[in-house]
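Novice: Listed in order, the protein sequences are those of chains F and H. Just so you know, numbering that gives the first Met the number 0 puts 283 at position 284 of the first sequence, and the rest follows in order with no gaps. Just so you know, numbering that gives the first Met the number 0 puts 246 at position 247 of the second sequence, and the rest follows in order with no gaps. Sharing a structure, written as structure tokens. Questions coming.
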Amino acid sequence: MSFLEIRGLHKHYGPVAALAGVDLEVASGSRTAIVGPSGCGKTTLLRLIAGFEAPDQGRIVLDGEVLANGGAAVPAHRRGIGVVAQDGALFPHLTIGDNIGFGMGRGDDKRAERIVELAYIVGLDKAILKRRPHELSGGQQQRVALARAMAMKPRLMLLDEPFSALDTGLRASMRKAVAELLEAAGITTILVTHDQAEALSFAVQVAVMRDGKFSQVGTPRDLYLKPKDRMIAEFLGDAIILPASISGGFADSPLGRIAVDTNDSRDVARIMLRPEQIGLKRTSREGMSGTPDMLFGEVTESEFAGSTCTIAVRLLNNFDPPDAAAIGNTPLILRKSGMDAPMVGEIVRLTVSGKAHVFV
Amino acid sequence: MQSAVDLGHAGSPSKMRRMPHRRVARWLVTAAVLVALLALLPLAFIIWVAVQTGWETVSALVFRPRVGELLVNTTLLVLLTVPIAIVLSVALAWLTERSDLPGARLWAWLCVAPLAIPAFVHSYAWITMVPGLHGLWAGVLVSVIAYFPFLYLPISAALRRLDPALEDAAAALGLGPWRVFWRVVTPQLRLAICGGSLLVGLHLLAEYGLYVFIRFDTFTTAIVDQFQSTFNGPAANMLAGVLVTCCFVLLGLEVLVRGEERYARVGAGAARNQQRANLGRATTPSLLLLVVITLLALGVPFITISRWLIAGGAEVWRLNEIGLALGQTLFLSLAGALLATVAAMPMAWISIRAPGPLQRLLEGCNYIVGSLPGVVIALALVTITVRIALPLYQTLFTILVAYALMFLPRALVSLRASIAQAPVELERAASSLGRHPLNALWSTTIRLSAPGAAAGMALVALGIMNELTATQMLAPNGTRTLAMAFWSYSSEIDYASAAPYAFIMVAMSLPLTWLLYVQSKRMAGR
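Here's what the structure looks like:
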């Protein structure tokens, strides 16, 4: 079923364990992102899959072919796996055209044609083919590296933080273009990145890595809304984490009664909301009176950033939760549209939409 | 890339941005031009003599069988020695830097160590061990052994600095290890191979003592013979003219092959550490190769010198005489090395940052002068000082200038290679951080090329320590360096008395060679 299968992969560098038992399954033609803080072992994993290094223990099987089993490994040049490195790793002594054609047979009479075609696919102008790598911008270099890797029709494409050297606008468009390109070519892809937004938007399967292991693997939506623990939750985006008691599908929290994604009952639990689940409605101090079932807050900070506005809201009343005192003084940090954001000092009514996630 | 000439003029569209950079460039160009003009003095002298001699005498002196014979000898020597030295050095450098050869660090050091032995001491060692050794193949053998470290050093440094991501990329594109080496690694070594080959080639053209021992005639030995036997100025000078032409050819070839590639890494971030290749069954033959090379390059001189020292006993150690020679040699070496490196700095910077026709011309001047045999430079300086500035004749100043002129290429090659590895972006970054251009240059490129400069200085000092003919002609009266003493004893066939000097020269060169080795390691950040 799965195209790439990794089982119990271990790799040590001296006393340091870079990988401490990694399992992963990747479906054919899919896109997987491996995301984690720097030094978590994600690049090591990529190098083992590519065949640049051999694992200490564990198996890597690609399309039924065993690539590595313990110390025995098929060398990189017999794997047919494409790699796009962080900075492109273009050969400085060759022209762009020769870089793209590097993996093709030199006697190939369709070589020149293929090079032009690949350049077109990755969105490079034909005129660029005679230039040298250092004359190209970072984005162009990445496109060349991608074309070069695609030239050998790889079974699997590995992208090692290929967008991290690009500026924000270019990064998003390159990411989209590359995803579409690889999708159209039907190439199974693994992306390694430390940027969680990149991982979530690029992949259909995301694996969060920490200390040489995967802490959670799943779809981007699952990971974002149902992270296993607080660290994953905060790594993947802003999170509001609250104490609560849960029973019968609801939680009683400082924000009142909120639907949760479990039917368990516990007196002491931690629930998580994404800030975008909390809605704000302008009101005034007068509007607060006589509505004991509603939640109000005062805006204490407002930071305008164009399309969005980051707002800190201090709760003015709360609903007798287990440890209300602690949470009562911590303002909620919310990100709202910059269009009509409330100003400092304004009173707002807070509403919660969707379900909160309960940490196990 | 921008040419040196362009830098001197106002470039209209990017005028604002280039202003400070241009001022530095102009400074450096001026300095380089001054150095080159000074370097041209001996060459001008040869031309001047030719003009004075008149065309008839010149053509009679140049177009004769003897010159043809010398030309064939010299050409064959270069054509055989350089390729052998390249192949050997690449193999040794790869084994010591990129394979899991047992004791790689020790072997790396042993591959540099032959530099500590002056070429004529190599020759002395071989001739006293195999007295019948002579002719072309003997010349090639001893030359390869004496000079391959000049190639090994830059090649191993370049191998260490290569970004392994490129090799990974090539492997991922389906290339096996051999093809990766041929298509990705070798092209990146081109600058190192070109620089090293040029250096070896120039040594072959300029060396005197080595070929006298094994009775192999080159232009240089013929020129010295002319001077020593007849003091026949024009004849020797015309031979020197042909030799200069050979240097032109060598230099042109190097420029042609080197091209104008960019060798700094493309892209951001620091390179990963390299992995060493597993030799497997090739380990034993590889070790054997290194053992054989070490025996030939270090074993033979070691055994010979030891044998003569034992034969000579205590009486060959005339301590007063030796102590004086030692002090003089040390002083001359260090002062000359400093002068040569400072003089080479502007030229090296321009050749990487602003290459162009002017730069190539200037650089060419330096190489040609550096490739002239010491005796030609010395004679030129003797004549010039005697005729124009008599007080400078046989002074410290003149001999140091001669050293600087002769050994400028050594300093230049090391400096140039290390500046090529320091990306120009760093210099610009420093400028944008508010540094004055000269200050920016100092805190980035010069700092980064410091290991290269140190390596260059060590090479120059080594050269001066082992220099013979120019020292004999130019040094102030009463000077007797180690090389002079060694030469005068061994030409009297008093090999035993020469041995202590050979021993001291080697012993003194060893720390410098060690420094060279350590610096070249540090250059790669290890």
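Think of the CB as a built atom: it goes at the ideal place given N, C-alpha and C, for glycine as much as any other residue.
Where do the N-terminal and C-terminal ends of the beta strand (DSSP E) with Pro399(F) fall, by residue?
Specialist: A query on residue 399(F) cannot be resolved here, the shown segment of chain F reaching from 0 to 359 and no further.
Novice: DSSP three-state label for Asn262(F), please.
Specialist: Asn262(F) falls in the coil class under three-state DSSP.
Novice: Using the DSSP secondary-structure output, state which residues sit across from Asp251(F) in a beta bridge.
Specialist: DSSP lists Ser244(F) and Arg256(F) as partners of Asp251(F).
Novice: Can you tell me which of the three DSSP states Asn68(F) falls into?
Specialist: It is a strand residue.
Novice: Would you mind sorting Trp125(H) into buried or exposed? The rule is 16 or more other CB atoms within 10 Å of its CB.
Specialist: Trp125(H) should be labelled buried.
Novice: Report yes or no: is there a C-beta of chain F within less than 8 Å of the C-beta of Gly195(H)?
Specialist: Judged by the 8 Å Cβ criterion, Gly195(H) is not in contact with chain F.
Novice: Along chain H, in chain order, which residues have C-beta atoms closer than 9 Å to that of Val115(F)?
Specialist: None at all; the shortest Cβ gap to chain H is about 18 Å.
Novice: Is Asp99(H) close to chain F? Criterion is C-beta to C-beta, closer than 8 Å.
Specialist: It does not; no Cβ of chain F falls within 8 Å.
Novice: Hey, Ala169(H) and Phe101(F) are a contact pair by Cβ (cut 8 Å); roughly how many whole angstroms apart?
Specialist: Contact flag correct, Cβ pair sits at about 7 Å.
Novice: Hey, out of Gly477(H), Arg257(H) and Ala498(H), whose CA is closest to Trp486(H)'s CA?
Specialist: Nearest option by C-alpha distance: Ala498(H).
Novice: If you measure between the beta carbons of Ala88(F) and Leu165(H), is that distance less than 8 Å?
Specialist: Closer than 8 Å, so yes.
Novice: From this set, Leu44(F), Leu66(F), Leu3(F) and His356(F), which residue's C-alpha is nearest Lys225(F)'s C-alpha?
Specialist: For the residues Leu44(F), Leu66(F), Leu3(F) and His356(F), the minimum Cα distance to Lys225(F) belongs to His356(F).
Novice: Give me, in chain order, the residues of the same chain whose beta-carbon lies closer than 8 Å to that of Lys354(F); leave out the 5 immediate sequence neighbours on both sides.
Specialist: Ile257, Ala258, Val259 and Asp260.
Novice: Taking the alpha carbon of Cys245(H) as the reference point, which residue from Ala234(H), Ala410(H), Thr217(H) and Ser155(H) has its own alpha carbon closest?
Specialist: Taking only the C-alpha atoms, the option nearest Cys245(H) is Thr217(H).
Novice: Which bits of chain F does Gly173(H) rub up against, with CB to CB less than 8 Å?
Specialist: Within chain F, the residues near Gly173(H) are His76, Arg77, Gly79, Gly102 and Met151.
Novice: Using a Cβ-Cβ cut-off of 8 Å, state whether Ala49(F) counts as contacting chain H.
Specialist: It does; some Cβ of chain H falls within 8 Å.
Novice: Grab me the residues of Ala198(F)'s own chain with a C-beta within less than 6 Å of its C-beta, minus the 5 sequence neighbours each way, in chain order.
Specialist: Counting only Cβ-Cβ distances below 6 Å, and skipping sequence neighbours, we find Ala32, Val34, Thr192 and Val205.
Novice: Please classify Thr95(H) as buried or exposed, where buried requires at least 16 other C-beta atoms within 10 Å of its C-beta.
Specialist: Label assigned to Thr95(H): buried.
Novice: Work out the CA separation of Arg275(H) and Arg269(F) for me, nearest whole Å.
Specialist: One C-alpha to the other measures close to 50 Å.
Novice: So what's Ala32(F) in DSSP terms, helix, strand or just coil?
Specialist: Note: Ala32(F) maps to strand in three-state DSSP.
Novice: Going along chain H in order, which residues have a C-beta closer than 9 Å to the C-beta of His193(F)?
Specialist: Per Cβ cutoff of 9 Å: no residues; His193(F) is ~13 Å from chain H at best.
Novice: Report yes or no: do three or more beta-carbon pairs, one from the segment 3-22 of chain F and one from the segment 130-142 of chain F, lie closer than 8 Å?
Specialist: Touching, no, given that fewer than three Cβ pairs across the two stretches are closer than 8 Å.
Novice: Under the DSSP definition of a beta bridge, which residues are partnered with Phe213(F)?
Specialist: DSSP, once it has assigned bridges, lists Met208(F) as partnering Phe213(F).
Novice: Between Gln227(H) and chain F, is the shortest Cβ-Cβ distance under 8 Å, so that the two count as touching?
Specialist: With 8 Å as the cut-off, Gln227(H) does not count as an interface residue toward chain F.
Novice: What residues of chain H sit near Phe90(F), judged by a beta carbon separation below 7 Å?
Specialist: Within 7 Å Cβ-Cβ: Leu165 and Val183.
Novice: Does Gly10(H) get closer than 8 Å to chain F when you measure Cβ to Cβ?
Specialist: Any reading at Gly10(H) is ruled out, since the residue's pLDDT is 38, under 50, leaving its predicted position unreliable.
Novice: Could you give the first and the last residue of the continuous beta strand (DSSP E) run that contains Met156(F)?
Specialist: Segment Leu155 to Asp159, the beta strand (DSSP E) holding Met156(F).
Novice: Restricting to Cα atoms, I'd like to know which of Gly69(F), Gln56(F), Leu47(F) and Phe90(F) is closest to Arg78(F).
Specialist: Among Gly69(F), Gln56(F), Leu47(F) and Phe90(F), the Cα nearest to that of Arg78(F) belongs to Leu47(F).
Novice: Taking Phe90(F) as the reference, which of Val66(H), Leu188(H) and Gly433(H) has the closest Cα?
Specialist: Ranking the options by Cα distance to Phe90(F), first place goes to Leu188(H).
Novice: Might you give, ordered along the chain, the residues of its own chain that have their beta carbon closer than 6 Å to the beta carbon of Tyr151(H), omitting 5 neighbours on each side?
Specialist: Once the five neighbours on either side are set aside, the close Cβ partners of Tyr151(H) are Ser88, Leu91, Ala92 and Cys110.
Novice: Just to make sure I have the definition right: I need the residues of chain H whose C-beta is within less than 8 Å of the C-beta of Arg147(F). Which are they?
Specialist: Residues of chain H passing the Cβ test: Ala168 and Leu172.
Novice: Mind reading off the beta-carbon distance from Ala403(H) to Gly355(H)? Whole number of angstroms is fine, and I expect it under 8 Å.
Specialist: Between Gly355(H) and Ala403(H) the Cβ distance is about 25 Å, and since that is not below 8 Å, they are no contact.
Novice: Shorter than 8 Å from the beta carbon of Val25(F) to some beta carbon of chain H?
Specialist: Chain H, which has no Cβ nearer than 8 Å to the Cβ of Val25(F), makes this no.
Novice: Where Gly40(F) and Gly20(F) are concerned, what is the direct C-alpha to C-alpha distance, given to the nearest angstrom?
Specialist: Rounded to the nearest angstrom, the two C-alpha atoms are 11 Å apart.
Novice: Relative to the C-alpha of Phe358(F), which candidate in Leu272(F), Arg348(F), Pro341(F) and Arg281(F) has its C-alpha closest?
Specialist: Out of Leu272(F), Arg348(F), Pro341(F) and Arg281(F), Leu272(F) has the C-alpha closest to the C-alpha of Phe358(F).
Novice: Just list the residues that DSSP pairs Arg334(F) with in beta bridges.
Specialist: Partner(s): Thr309(F).
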